[in-house]
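Heads up, the thing below is written out as structure tokens.
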Amino acid sequence: ATSNNKHFTKVKALFLSQYSTTIDLHIIMSSNTVLCPTAKIIAQVLDGASERAVLLAEDGTVLHMNTAASNFLFLHPHNPHVSDFLVNADFHNISKSRVKMKSGKTTRSERNVHLQILDKCVCCSSHYYTAYICSKHERVREVVDIAFDAVLTMDESGVICTVNQAAVDLFGYQEYELIGKSMGTICGGEHAQLHDTYMTKYMESGIQKMIGQKRETIGLRKNGTEFPCELGIQEIVDVSSGKHYFCGFIRDLTQIKQQEAEIEERQALQQAMINASFDSMLEVNELGDIQIVNDAACSMFGYTREEFLGKNLSKICGDGHGSKHEAYMRRYLDTGEQHIIGRKRQVKAKRKDGSEFEIELGVQEVTLTDGKKAFCGYMRDLTQQKKDKRALQKQARVIHGKFFGTNVEDAEEGGEAICEGCPFGTTTY
């Protein structure tokens, strides 16, 4: 305010020396108020101020507001007066006041008001007042107040100095109930009793275990309920006093934890449904890394679920395909040519013990929400099926021998014969 007044004095002198007898400047703030040339210059000075600045008449009538003030302060459209936005009735002796905002709401806390009476006007002998409302650091407070997350500050002893509206809403206290109280008041679990110890250890040792980091912890509401939250703390040093202050940022994780629990529940249900399948099933990503596997696959290949997850599918490919699997995947992703997708085929697979066996493999492609592809594989062990087929073939050969007089051993040495009238048709032996 003082620097602005000095600026005004220089501008006023310059203006009056050049234009006081040649220009008639009027600014109409209301239907009943006309500004003299001097007041016009004052208004121009206020327009250059970064803070909310108001020009007042001696009776409190509002003569001019700069843009910052007009965008923030409430003002009656007819006969605007300082009492429209300052709750304190006696504006002549004011230093702090709650402020009525343009929205019609009143600020939760008092704002600094820097009021100064200027020299008597050389034009009309009036006394004008300039009022600067809310200093720069208080603007920062207003920004913090509208933050979605809870923000608070505390001193070196862990005593709360300031809280924003989100913190008031989150913990259920009034602002005056938190300021001056220990941070332990809102700490849940064992941290409530240990918080002061944490602060003492840090101030003595300087070892940072929490400063500059985020971690999940437990918060405590006024009604005694605890809730999960994410806490981040930054240290601030007051250069003028050398004192240390700490700014805490708190995010309520209740909904996130509920959503995570719901997702885990759905995943558990999906896994249970997959596990209920008698056939082996697994899912791999574009790199061929296994993301999901069911119990049947673990049993068939001899691996545990932990040994499967995150590992490449090539570890269970037999017949030399393991080393080629990555190339197969890359070729399909590059060209889109399907050699096995959407089909079933018999291939060799390899167990954990190194033994190979035949399986029937079917692969389906799935496009995920992020545009990436996943591949679901369905596998059936053909070992028993092959044994059964060989047994049937052997039985067919025996029957054939009894009808046609052919020894089973001789039939086994032969190739493929057409057994006319034989219920098994073409028989390999």
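With our numbering, you'll find the sequence shown wraps up at 430, consecutive numbering, no jumps. The beta carbon of each residue, even a glycine, is placed where N, CA and C say it ideally should be. Since the structure is predicted, the reported quantities are computational estimates derived from the model, not experimental observations.
- Excluding sequence positions up to five before and after D146, its CB lies within less than 7 Å of the CB of N165 and Q166, all in the same chain and listed in chain order.
- Here T384 carries a helix assignment [DSSP, helix/strand/coil].
- Annotated three-state conformation of Q365 is strand, per DSSP.
- Counted as a single uninterrupted DSSP element, the alpha helix (DSSP H) harbouring C299 occupies residues D296 to F302.
- For E52, the number of other beta carbons within 10 angstroms of its own is at least 16, and it is reported as buried.
- Across the set H82, G61, K349 and L47, the C-alpha of L47 shows the shortest separation from the C-alpha of A69.
- Cβ contact annotation for H77 (same chain, cutoff 7 Å, sequence separation greater than five): D85, in chain order.
- Of the residues assessed, N295 falls on the buried side of the cut-off, its CB having 16 or more other CB atoms within 10 angstroms.
- Scanning its chain for C-beta atoms nearer than 7 Å, with the 5 sequence neighbours on each side dropped, one finds around N313 the residues G289 and D290, in chain order.
- For H65, the enclosing beta strand (DSSP E) starts and ends at V63 to M66.
- Given a length threshold of 4 residues, each whole run of the alpha helix (DSSP H) inside the stretch 85-155 is given here in chain order: 137-146.
- Around the CB of I251, 16 or more other CB atoms lie within 10 Å, so the residue is classed as buried.
- For I341, no alpha helix (DSSP H) run applies, since DSSP gives it neither H nor E.
- Straight-line measurement puts the Cα of E111 at about 31 Å from the Cα of C122.
- D320 sits exposed, since fewer than 16 C-beta atoms from the chains shown fall within 10 Å of its C-beta.
- The beta carbons of L393 and Q347 sit about 18 Å from each other, so the pair does not count as a contact at 8 Å.
- I360 is the residue among E261, G225, I360 and C125 whose C-alpha sits nearest the C-alpha of M301.
- As the crow flies, the alpha-carbon of F172 is around 10 Å from that of D253.
- The beta carbon of F73 lies closer than 7 Å to those of R53, M102 and K103 in the same chain, with the five residues before and after it left out.
- For S356, the number of other beta carbons within 10 angstroms of its own is below 16, and it is reported as exposed.
- Boundaries of the alpha helix (DSSP H) harbouring V169: Q166 to F172, taken from the DSSP string.
- In this structure, DSSP gives Q214 a state outside helix and strand, which the three-state scheme calls coil.
- Residue range H245 to D253 is occupied by the beta strand (DSSP E) that includes F250.
- Of the candidates M380, A132 and E176, the residue whose Cα lies closest to the Cα of V152 is E176.
- Look at the beta carbons and you see the stretch 117-134 touching the stretch 54-64: at least three pairs across the two are nearer than 8 Å.
- Your pair H245 and E157 checks out as a contact, with CB atoms roughly 5 Å apart and the cut at 8 Å.
- Taking C-beta separations shorter than 8 Å and ignoring five residues to either side along the sequence, the partners of K373 in its chain run N286 and E287, following chain order.
- Inside the stretch 221-290, DSSP marks whole alpha helix (DSSP H) runs of 4 or more residues at positions 255-276, from first to last along the chain.
- When DSSP states are grouped into helix, strand and coil, K316 belongs to the helix group.
- Ranked by how close their Cα comes to the Cα of G343, the residues D371, T336, V144 and G378 have G378 in first place.
- Q259 has its alpha-carbon roughly 48 Å from the corresponding atom of S96.
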